[in-house]
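Protein chains in written order, with my numbering: chain A, 14 to 350; chain B, 14 to 350. Glycine included, every Cβ here is placed at the ideal spot set by N, Cα and C. Please read the structure below before turning to the comments.
Number of protein chains: 2
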Amino acid sequence: MTASTTQQIILTGDRPTGPLHLGHFVGSLRNRVAYQHDYRQYIMLADAQALTDNMEDTGKVHRNVVEVALDYLAVGIDPAKSTIFIQSQVPELAELTFYYLNLVTVARLERNPTVKEEIRLRGFERDIPAGFLTYPASQAADITAFKAHVVPVGEDQIPMIEQANEIVRRFNRLAGRDILVECKALVPEIGRLPGTDGKAKMSKSLGNTINLGASEAEIRAAVKMVYTDPLHLRVEDPGHLEGNVAFLYLDAFDPDKAALAEMKAHYVRGGLGDSVVKKRLDLVLQELLAPIRARREEFAKDRGQVMQMLKEGTMVARETAAKTLDEVRAALGLSYF
Amino acid sequence: MTASTTQQIILTGDRPTGPLHLGHFVGSLRNRVAYQHDYRQYIMLADAQALTDNMEDTGKVHRNVVEVALDYLAVGIDPAKSTIFIQSQVPELAELTFYYLNLVTVARLERNPTVKEEIRLRGFERDIPAGFLTYPASQAADITAFKAHVVPVGEDQIPMIEQANEIVRRFNRLAGRDILVECKALVPEIGRLPGTDGKAKMSKSLGNTINLGASEAEIRAAVKMVYTDPLHLRVEDPGHLEGNVAFLYLDAFDPDKAALAEMKAHYVRGGLGDSVVKKRLDLVLQELLAPIRARREEFAKDRGQVMQMLKEGTMVARETAAKTLDEVRAALGLSYF
């Protein structure tokens, strides 16, 4: 079998630092439900990576592992089709990281634009935890352990993929054969959903999210606060669509594209109030999230079973990662017994 | 049992990048033979650490693991008393390193004087492999995995011990209890033997060593080349002892201190030729190294048995390291199943 005839492998995942929200749904979860039919999909709960900037609140990471797993199940990720696992419980990933650290220079890590930007966002400056600077090596370990061909990422994460591939090439050159596999970034069409407040990113820390497990009342309250057009003061005024979160959300979720196009035209020429648009948005989001919430509640009744599912996924992931690690170790002359 | 009533634990070891020599014997090996009676001693063949600057020659590291183990056995390190193990075969150490990277900042690593100096010596400048910059975290993992109280190091390595202890304190503070143990540097009285050429350090790369496994002829040839006193041109001239490697070696190895004192006095007042001094040195080194060489050759007949010894030591080491790792994981909220 050659790579072209075997099933392609995807690695994806999330840092379990809080409940997943509509931004995750649009940017990744929705796609994963589709990918699991066509790809061999590994989904990682990146608890170890989450620690790089959560050492002072490790309990948060621990608690959110099962919560994020519930979100996965709720949106329709099927553990029979996708391998869901907990990063820290696959120690082979830490070991691969350890060796990959020798294949990348400090200067190269410091030049990584994703790392640079995240250091800036988190305000680390010179007090970056070493684990934060080196996390591209860890990510390379996660990707290569499963010999992933495809990694779905946002545009801003492309430099991480490039760095992983540099490590792959350097390692394969040292090994004298192609043990590790280069991967491709898969950037989703709708990359990012703005926050309810109109900020570019929906983010828990900004308080501008709608969580997948949100109740009816929470959805309604969030929709009421959704940023629209600050210049659209009276119903009869022409409204603007640019940066109008209500319409951006409808673009993402309203299944009735024709009605939406009509509504947009009406809004732009004037005579359509925000309350009408928001009423539609509320309806669309309630319909989208009601079955997700219901499934989430159903699965949440037996968290033991969810943990059992994670345990089984983790065992499968370990087996694959251990095989890659064995090959890496042998190539580095680290097999003795 | 409190720490004061239990046996103290020592962690020590070598990077297996070449045969051990008289410098190792004076600086560490000799002491280990003594320590193994009074301490619980772990001796690590640091093959994984050796890779940080030997990725282009991993075969060298692999080959030297058994060679260094033979040197250990030859000098009288007893695997029944000391636990000798191979670092890379204790993956718990890589995993601990991975987590400790979150407990130390990049700035702090860059300030480490030992790291700074070794970066300078190796000519890395900005192209330092990340694994080289972060190796204090790896060393902290090695030390703490065994809850070592004592780490024998040269004076230049004291900053490494300080950094390990900082990680210990930071971790224990986060954990809310004393899981990891702080260690003390144990600096040997005779820290460093100069090279045969008079350079401060005996080092394989400088070609100024006398290996523990050296043959009679090799010892004789090396002694002939030993740096003495360049001003001592004629036998009747007064000789100088400062920097005189022949006498520095006699200081380290000649068991007859009285005769040595007399010889020194004679040399200083003039009338004693270098050839006499070197003849004595040759005799002393031949007597020191003959039994070591014989034992080495004996053990070398069955390398399979040496590997078996390493396998058993590694199993013991893994068990200890795994216990510590379990505690560390639990404290970080990384226990799930």
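Within the model, the alpha-carbon separation for A:I305 versus B:M173 is close to 52 Å. Under the DSSP assignment, B:T25 falls in the beta strand (DSSP E) whose first and last residues are 22-27. Following the DSSP letters along the chain, one finds B:M238 in no beta strand (DSSP E) but inside the alpha helix (DSSP H) bounded by residues 229-238. Within the same chain, Cβ atoms closer than 7 Å to the Cβ of A:L345 are found at Y112, the five residues on either side in sequence being excluded. At a cut-off of 8 Å between beta-carbon atoms, B:V258 makes no contact with chain A. Boundaries for A:A198: no alpha helix (DSSP H) harbours it, while the beta strand (DSSP E) harbouring it runs 197-199, taken from the DSSP string. Taking one beta carbon from each stretch, the region 35-42 of chain A and the region 197-206 of chain A have 3 or more pairs nearer than 8 Å; the two touch.
Using a CB distance cut-off of 8 Å, B:M322 does not count as an interface residue toward chain A.
Three or more pairs of CB atoms, one per stretch, sit closer than 8 Å, so the region 121-131 of chain A contacts the region 159-173 of chain A. Counting only Cβ-Cβ distances below 7 Å, A:G144 has contacts in chain B at L114, N115, in chain order. Contact check between the region 94-106 of chain A and the region 87-99 of chain B: fewer than three CB pairs, one atom from each, fall below 8 Å, which does not count as touching.
Assignment of B:Y262 by DSSP, reduced to helix, strand and coil, places it in the helix class. At a cut-off of 8 Å between C-beta atoms, A:A120 counts as an interface residue with respect to chain B. Within the region 55-119 of chain A, the complete alpha helix (DSSP H) segments of 4 residues or longer fall at 60-64, 71-88, 105-113, listed in chain order. Taking B:V181 as reference, the option from B:N115, B:G283, B:G284, B:R233 with the minimal CA-CA separation is B:N115.
Within the DSSP secondary-structure output, B:H34 pairs in a beta bridge with B:N224. Between A:V166 and the set A:T337, A:G136, A:I56, the nearest pair of CA atoms involves A:I56. DSSP places A:P165 inside the beta strand (DSSP E), whose first and last residues are 163-165. Taking 7 Å as the cut-off between beta carbons, the residues of the region 179-199 of chain A near chain B are L187, in sequence order.
B:Y148: member of the alpha helix (DSSP H) spanning 148-158, first to last residue. Taking a Cβ-Cβ threshold of 7 Å, none of the residues of chain B is close to A:A330; the smallest such distance is about 13 Å. At a beta-carbon threshold of 7 Å, none of the residues of chain B lie near A:T96; the nearest stands roughly 16 Å away. Annotation: A:L86 to A:H75 spans about 18 Å, alpha carbon to alpha carbon. Between the alpha carbons of A:V236 and A:F184 lies a distance of about 50 Å. The Cβ atoms of A:A153 and A:Q176 lie closer than 8 Å to each other.
Among the residues facing chain B, A:M238 is not included, as its CB has no counterpart in that chain under 8 Å away. Taking 8 Å as the cut-off, the beta carbon of A:L225 is found closer than this to the beta carbon of A:V88. Among the residues of chain A, those whose CB is under 7 Å from the CB of B:G346 are T71, G72, V74, H75, following chain order. B:P32 has a beta carbon lying at 8 Å or more from every beta carbon in chain A. When 8 Å is used as the limit between beta carbons, B:S216 is near no residue of chain A, the shortest such separation being about 22 Å. Comparing C-alpha distances from A:R121 to each of A:L24, A:R233, A:L146, A:G136 shows the shortest one belongs to A:L146.
The alpha carbon of B:V194 has as its nearest neighbour, out of B:N77, B:L134, B:V329, B:V341, the alpha carbon of B:V341. A:L58 places its beta carbon 8 Å or farther from that of A:M215. Contact between the region 61-69 of chain B and the region 325-340 of chain A is absent: fewer than three C-beta pairs spanning the two stretches fall below 8 Å. For B:P142, the secondary structure class from DSSP, reduced to helix, strand or coil, is strand. In the three-state scheme derived from DSSP, where H, G and I count as helix and E and B as strand, A:R53 is classed as strand.
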